[in-house]
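As numbered in the numbering used here, residues 3 to 261 make up the sequence shown, in order. Virtual Cβ for every residue (Gly too), placed ideally from N, Cα, C.
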Amino acid sequence: MDPEKNFDYVSQQLEALTIEGPTLVCLPEAWLAFCKSGADTFKIASSSEYWIEKISQLCRRNKIWLSAGTIPIPCTSEKYYAASCLFNERGELVAQYNKIHLFDADVHDKSKQYRESQHTEAGNEVVVVDSPFGRLGLSVCYDMRFTGLYQVQREQGASILLIPSAFTTVTGKAHWLPLLQARAIETQSFVIAAAQVGEHQNGRATFGHSVIISPWGEVQDNSELSLQPIQRRLNLAELDNIRLSMPVFKHNRFKSNII
């Protein structure tokens with residue numbers, strides 16, 4: 003839950019990587035501080051400008067694009083956005099997606115009850131952005147249950163879906179891979195889902211299994227319960243071939259304009 007400690011850990015992991023050419027690094031939801039409650043997270047939000055500048059410096063130093071999981075950014079005196087921020091290799095904040103779907107649910111785990119909306123303000127904008135890797139669609143965790151969001155992202159040209167997450171172990175065992183594979187298959191896009199893993203000091207438990215999934219729905223990399231990073235060079239020609247041979251987007255008679 004210590005932001006400085008977590009930031010230092012990410013910095014050390016990046017220093018151990020061999021960076022060759024344009025590289026996108028993806029972090030999980032709430033990587034900076036995985037707090038026990040929204041009230042604790044709101045305290046972190048007050049220093050969001052400080053952390054955004056530090057992340058910017060990190061990107062410049064390592065010459066990477068960074069999908070910085072989520073960072074709490076205050077929007078009112080009582081609530082914050084769960085903001086998925088995307089930085090380029092020059093340290094510029096090129097996109098910010100504010101989590102739209104908030105996790106208000108009862109789960110049979112130690113926490114029992116989750117009410118994200120008590121302290122988090124829901125976003126209302128779909129974000130798809132150009133990058134050296136393709137068109138990136140930004141979303142967060144619970145969003146993955148709502149196919150309409152990804153249909154809109156596909157309509158806006160997304161080819162890679164980024165879904166940083168902190169899934170509970172109960173819901174993760176049941177739904178994590180099926181949901182992510184479904185989003186990949188139905189949009190014919192790559193899915194990159196970086197996820198929190200293990201038992202945390204605050205008593206919460208997360209499922210892990212960070213994955214990279216192909217547009218055909220194949221799990222190409224899975225970290226299981228490990229903290230070790232996974233990596234892959236994405237084959238965009240594979241994506242083009244799949245979309246050409248089975249043009250589901252062209253065939254879709256229910257294209258959405260809901261967002």
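Could you tell me the alpha carbon to alpha carbon distance between residue i and residue j, rounded to whole angstroms?
i: S50; j: S13; result: 18 Å
i: I261; j: N126; result: The predicted model places I261 with a pLDDT of 46, which falls under 50 and marks its position as unreliable, so this point remains unresolved.
i: P217; j: L236; result: 10 Å
i: S119; j: A176; result: 24 Å
i: F251; j: L29; result: 29 Å
i: E157; j: K257; result: 8 Å
i: N8; j: W178; result: 25 Å
i: Q115; j: F105; result: 10 Å
i: A41; j: Q183; result: 33 Å
i: A84; j: A124; result: 8 Å
i: N254; j: L238; result: 22 Å
i: S228; j: V27; result: 17 Å
i: R185; j: F192; result: 9 Å
i: G200; j: V128; result: 30 Å
Please state whether the Cβ-Cβ distance between residue i and residue j is less than 8 Å.
i: I214; j: I187; result: no
i: L151; j: Q190; result: no
i: T25; j: W67; result: yes
i: Q155; j: V130; result: yes
i: T170; j: V96; result: no
i: L34; j: P76; result: no
i: A32; j: T78; result: no
i: R117; j: G93; result: no
i: A207; j: D111; result: yes
Excluding the 5 residues flanking residue i on each side, which residues of the same chain have their C-beta closer than 8 Å to its C-beta?
i: Q15; result: P231
i: D145; result: K101, I102, H103, L151 and I165
i: E226; result: G210 and H211
i: G159; result: V130 and R137
i: L181; result: M146 and R147
Starting from the C-beta of residue i, find all residues in its chain whose C-beta is less than 6 Å away, skip the five residues before and the five after it, and write them out in chain order.
i: K38; result: N204
i: P312; result: With the chain running from 3 to 261 in the structure shown, residue 312 is simply not present.
i: P74; result: T43, I46, A47 and Y82
i: H202; result: F36
Ordered along the chain, which non-local residues of its own chain (more than five positions away) have a Cβ less than 7 Å from that of residue i?
i: S247; result: none
i: Q222; result: I214, I215, S216 and R234
i: N64; result: L16 and I21
i: A107; result: Y116
i: S113; result: R206
i: I244; result: Q190, P217 and W218
So does residue i have its beta carbon nearer than 7 Å to some heavy atom of the ligand NAP?
i: H103; result: As far as ligands go, the structure on display features none, and thus does not contain the ligand NAP.
Are three or more beta carbon pairs between the segment 162-179 and the segment 133-148 nearer than 8 Å?
yes
Validate contact between the segment 90-106 and the segment 192-207 using beta carbons, cut 8 Å, 3 pairs
no
At what residue ranges does the segment 160-218 contain a whole run of the alpha helix (DSSP H), taking only runs of 4 or more?
171-189
Should the segment 53-68 be called in touch with the segment 82-93, which here means at least 3 C-beta pairs below 8 Å?
yes
Within the segment 88-112, note down every full beta strand (DSSP E) run reaching 3 residues or more, in order along the chain.
95-100 and 106-108
Which runs of the beta strand (DSSP E) spanning at least 3 residues fall entirely within the segment 33-82, listed in chain order?
67-70 and 73-76
At 4 residues or longer, what runs of the alpha helix (DSSP H) sit wholly inside the segment 114-158?
149-157
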